[in-house]
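One structure is given here, and the rest of the page talks about it.
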Amino acid sequence: MNRRLFLQTLRWERTRLLFVVLAGVGWGILMPVIYSQFSDALRSLANSGALPEELLNFGSGSLFTLPGTVTLGLQHPMALALLGIFAVGAASTAVAGERTRGTLEVLLARPIGRVALYASILVALLLIIAIVLTAILAGMVAGTALVGIGPQLDTGRVPLVALNGFGLWAAFTSFALAASVTFDRPGPAMGISLAWLLIHYFLEILGSLWTDAAWIQEYSLLHHFNPTEILTGVPDPIDLVVVFAAAIVPILYALYVFPQRDLAAPA
Amino acid sequence: MEGTPSPVVISAHALTKHYGSVQALTDLTLDVRQGEIFGFLGPNGSGKSTMIRTLLGFLHATRGRATVLGLDAETQSVEIRRRIGYLPGGIALYDSLTGEQALDYLADLQGREPHRRAELCERLELPAAVLKRRVRDYSRGMRQKIGVVQALQHDPELAILDEPTEGLDPLMQQAFYRILDDLRNEGRTVFFSSHILSEVERLCDRVAIIRAGRLMALHDVADLLARRRRRVMLRWRGAAPDPSTLPGLVDVQVDGDRIVGSLTGDISAFVRSIASPSLDDLTIEPASLEEAFLEYYATDEVSS
């Protein structure tokens with residue numbers, strides 16, 4: 016890993032990171048507020064039978080409990096957008112973008128091996144993902160305190176939620192970065208990375224809405240990040256294994272493929 | 004280059020690079036010696052950049068082997084890049100950085116102090132005020148100057164420059180040529196690609212010509228220039244002498260009192276032969292390197 020390249024990668028992203036962190040904290044605060052304001056009403060609605068409960072759930076989350084709300088907040092498209100900016104956007108363009116611009120050639124003219132270059136970018140992006148995830152969770156903890164429902168949240172289990180969430184987003188980040196070292200242009204790299212994220216999202220949401228197809232959720236990485244189970248004291252260790260394995264496989268692929276690739280002159 | 008030959012800095016042996024059915028380089032063999040400026044000439048798409056990128060480890064050779072500074076280009080490219088300076092063709096820089104930040108960043112990544120930066124910036128007319136501007140505001144020529152500085156600021160043993168004068172105005176080209184002269188005088192080696200023969204003539208000790216990925220010729224520039232023909236025009240008072248009595252003069256055309264032809268071989272014998280009070284005017288124009296090459300290729304094609 017190259018320290019200067021690592022720091023510069025963070026520097027390229029600092030302004031965007033600042034705004035995303037602020038948005039993440041805001042989003043995190045909003046979730047407990049929504050729970051405290053609408054949970055009872057939604058519960059009544061579900062009990063009345065006016066709406067099937069599946070429609071009031073969102074993936075593995077719901078607004079019926081605070082842990083369910085935390086899950087909903089972390090699976091919501093807003094969270095996906097906040098984290099996807101880096102896990103998909105920044106990661107998929109990190110190498111392919113440099114290649115298209117021609118700056119990869121200038122970088123690799125220095126005494127930096129491709130593995131070191133890849134590792135520097137990967138570690139910087141994973142750090143950014145950890146910061147954004149922490150911001151969202153910190154916002155949620157702050158939000159529960161703000162609306163006076165702090166005791167409903169077992170904050171001692173939040174680090175495990177963070178670890179599981181980090182594993183999930185590390186998987187999407189490493190996939191996008193693997194795509195970035197594979198393609199010459201950022202367009203295809205971003206397209207396939209976004210598709211990968213949306214496929215998992217689609218499987219998770221479809222399985223939650225259509226009970227007969229609930230089994231397909233097992234194939235979604237998002238399903239293996241279930242803060243409700245963690246916060247209620249029944250975490251499934253397999254979830255951690257699955258998300259971290261999904262992160263490691265693209266890393267191994269990239270470490271093999273990137274040094275083997277020919278880097279012809281940019282078009 | 005008398006006496007012990009200088010150490011070989013770049014060596015390519017039967018270097019071959021294929022992209023599928025496209026043969027970008029075919030059995031390219033050459034050596035570049037320490038302390039020389041070596042020109043690598045060829046038209047666009049001839050394989051110049053492919054050769055350079057293979058030397059730097061960006062491309063993996065299909066066959067053959069290359070070493071740079073005694074290190075294997077395939078397996079020791081990081082160590083090679085620690086000791087060289089490289090200017091890519093049409094260099095791209097980070098638009099959001101200032102010129103100074105870009106140079107600092109690249110020097111940091113190089114891991115060596117940019118000892119020569121101040122001198123290079125002065126010679127290439129890059130004052131501090133310009134370096135404080137963002138790269139996105141630079142003209143092409145300014146970017147090229149920054150590219151030259153980033154390649155040489157850490158005083159590398161070997162500079163590999165891909166079309167280095169592209170975008171430089173004539174004055175800056177001259178300044179750049181003087182920088183390369185100084186590098187040579189300090190014992191540094193320069194390998195540069197170009198398609199401009201006049202700059203190769205001005206700078207290079209040796210030149211390789213590449214066409215369609217194949218090495219067509221490898222010459223000592225001084226030899227090539229010494230062997231070239233010169234255009235000669237003589238005018239006499241009265242009748243011109245029999246041209247066959249003038250040694251080395253070929254392709255002769257006699258037009259009254261004028262003789263026009265091409266001079267080959269020893270110039271002194273020719274000058275002695277024309278010494279006469281009847282000689283009214285004499286013009287001897289050296290053929291450019293371009294003409295020398297055309298002549299070389301014409302001969303080559305005829306003989307083949």
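As given, the protein sequences belong to chains A and V, one line each in that order.
Taken in order, the first sequence gives residues 16 to 282; the numbers are from this note's numbering.
Taken in order, the second sequence gives residues 4 to 307; the numbers are from this note's numbering.
Every residue gets a Cβ at the ideal spot worked out from N, C-alpha and C, and that includes glycine.
(request) Apply the 10 Å Cβ neighbour rule to H238 of chain A and answer buried if 16 or more other Cβ atoms are within range, or exposed otherwise. (result) buried
(request) Would you grab the beta carbon distance between I277 of chain V and L237 of chain V for me? Rounded to a whole angstrom, and I think it's under 8 Å. (result) 6 Å
(message) Tell me the DSSP secondary structure of D199 of chain A in three-state form.
(response) coil
(request) Check whether the region 186-202 of chain V touches the region 39-52 of chain V, counting contact only when three or more Cβ pairs, one atom from each stretch, lie closer than 8 Å. (result) yes
(request) Report, in whole angstroms, the separation of the C-beta atoms of R233 of chain V and I287 of chain V, which I expect to be a contact under 8 Å. (result) 5 Å
(request) Determine, using beta-carbon pairs with one atom in the region 41-48 of chain A and one in the region 84-95 of chain A, whether at least three such pairs fall under 8 Å. (result) yes
(request) Would you list the one or two residues that DSSP bridges to M145 of chain V? (result) DSSP output for M145 of chain V lists no bridge partner at all.
(request) Ignore the nearest five residues each way along the sequence and tell me which others in R214 of chain V's own chain have a CB closer than 8 Å to its CB. (result) G45, P46, S49
(message) Just checking: is the beta-carbon of Q32 of chain A within a distance shorter than 8 Å of some beta-carbon in chain V?
(response) First, the amino acid is wrong: residue 32 of chain A is Leu here, not Gln. Not an interface residue.
(message) I need the straight-line Cα distance from G102 of chain V to G158 of chain A, nearest angstrom please.
(response) 45 Å
(request) Whole angstroms is fine: what's the gap from G248 of chain A's alpha carbon to I55 of chain V's? (result) 60 Å
(message) According to DSSP, simplified to helix, strand and coil, what is F217 of chain A?
(response) helix
(request) State the CB to CB distance for the pair R84 of chain V and G114 of chain V, rounded to an integer number of angstroms; the pair is presumed to be in contact (CB under 8 Å). (result) Incorrect: roughly 10 Å between the Cβ atoms, too far for contact.
(request) Could you name the residues of the same chain whose beta carbon sits closer than 7 Å to that of P274 of chain A, not counting the 5 residues immediately before and after it, in chain order? (result) R129, V130
(message) By the DSSP assignment, the beta strand (DSSP E) with R68 of chain V in it spans what residues?
(response) 66-71
(request) Could you work out which residue in A:V176, A:L140, A:W230, A:P265 is closest to V156 of chain A when comparing CA atoms only? (result) A:V176
(request) Enumerate, from N- to C-terminal direction, the unbroken beta strand (DSSP E) stretches of 3 or more residues contained entirely within the region 11-35 of chain V. (result) 11-22
(request) Determine, using beta carbons only, whether F2 of chain V and L218 of chain V come nearer to each other than 8 Å. (result) This structure gives no information on residue 2 of chain V, because the portion of chain V shown stretches from 4 to 307.
(request) Label V305 of chain V either buried or exposed according to how many other C-beta atoms from any shown protein chain fall within 10 Å of its C-beta, with 16 as the threshold for buried. (result) Because the pLDDT at V305 of chain V is just 44, under 50, the model does not fix this residue reliably, and the value given afterwards should be weighed accordingly. Its Cβ having fewer than 16 others within 10 Å, V305 of chain V is exposed.
(message) Which same chain residues end up closer than 7 Å to V257 of chain V when comparing Cβ atoms and leaving out the 5 residues on each side of it in sequence?
(response) A243, P246
(request) Output the distance between the C-alpha atoms of I212 of chain V and P289 of chain V, rounded to the nearest integer angstrom. (result) 21 Å
(request) Helix, strand or coil for I100 of chain A, going by three-state DSSP, please let me know. (result) helix
(message) For L192 of chain A and D208 of chain V, I'd like the C-alpha separation in whole angstroms.
(response) 45 Å
(message) Quick check: the Cα distance between W211 of chain A and P82 of chain A, rounded to an integer number of angstroms?
(response) 27 Å
(request) Determine, using beta-carbon pairs with one atom in the region 165-176 of chain V and one in the region 11-21 of chain V, whether at least three such pairs fall under 8 Å. (result) no
(request) Can you have a look at K51 of chain V and say buried or exposed, based on whether 16 or more other CB atoms are within 10 angstroms of its CB? (result) buried
(message) Would L140 of chain A and F198 of chain A be called neighbours here (beta carbons separated by less than 8 Å)?
(response) no
(request) Examine chain A for any beta-carbon lying closer than 8 Å to the beta-carbon of R120 of chain V, and answer yes or no. (result) no
(request) May I have the straight-line CA-CA distance separating V173 of chain A from Q156 of chain V, to the nearest angstrom? (result) 51 Å
(request) Using the Cα positions of D107 of chain V and Q23 of chain A, report the straight-line distance between them to the nearest angstrom. (result) 12 Å
(request) For my contact list, V255 of chain V and G264 of chain V are in at a C-beta cut-off of 8 Å; report their separation, rounded to the angstrom. (result) 4 Å
(request) Please check if any C-beta of chain A sits within less than 8 Å of the C-beta of R205 of chain V. (result) no
(message) Applying the 10 Å Cβ sphere with the 16-neighbour rule, what's the burial state of P130 of chain V?
(response) exposed
(request) Taking the CB atoms as reference points, tell me whether L134 of chain V and A178 of chain V lie closer together than 8 Å. (result) no
(request) Using a Cβ cut-off of 7 Å, pull out every chain V residue sitting near L37 of chain A, in sequence order please. (result) Ordered by position in chain V, no residue passes the 7 Å Cβ test against L37 of chain A, which lies about 22 Å from the chain.
(request) Quick one: give me the first and last residue of the alpha helix (DSSP H) that L161 of chain V is part of. (result) First-last for L161 of chain V: 161-165, but that is the beta strand (DSSP E), not the alpha helix (DSSP H).
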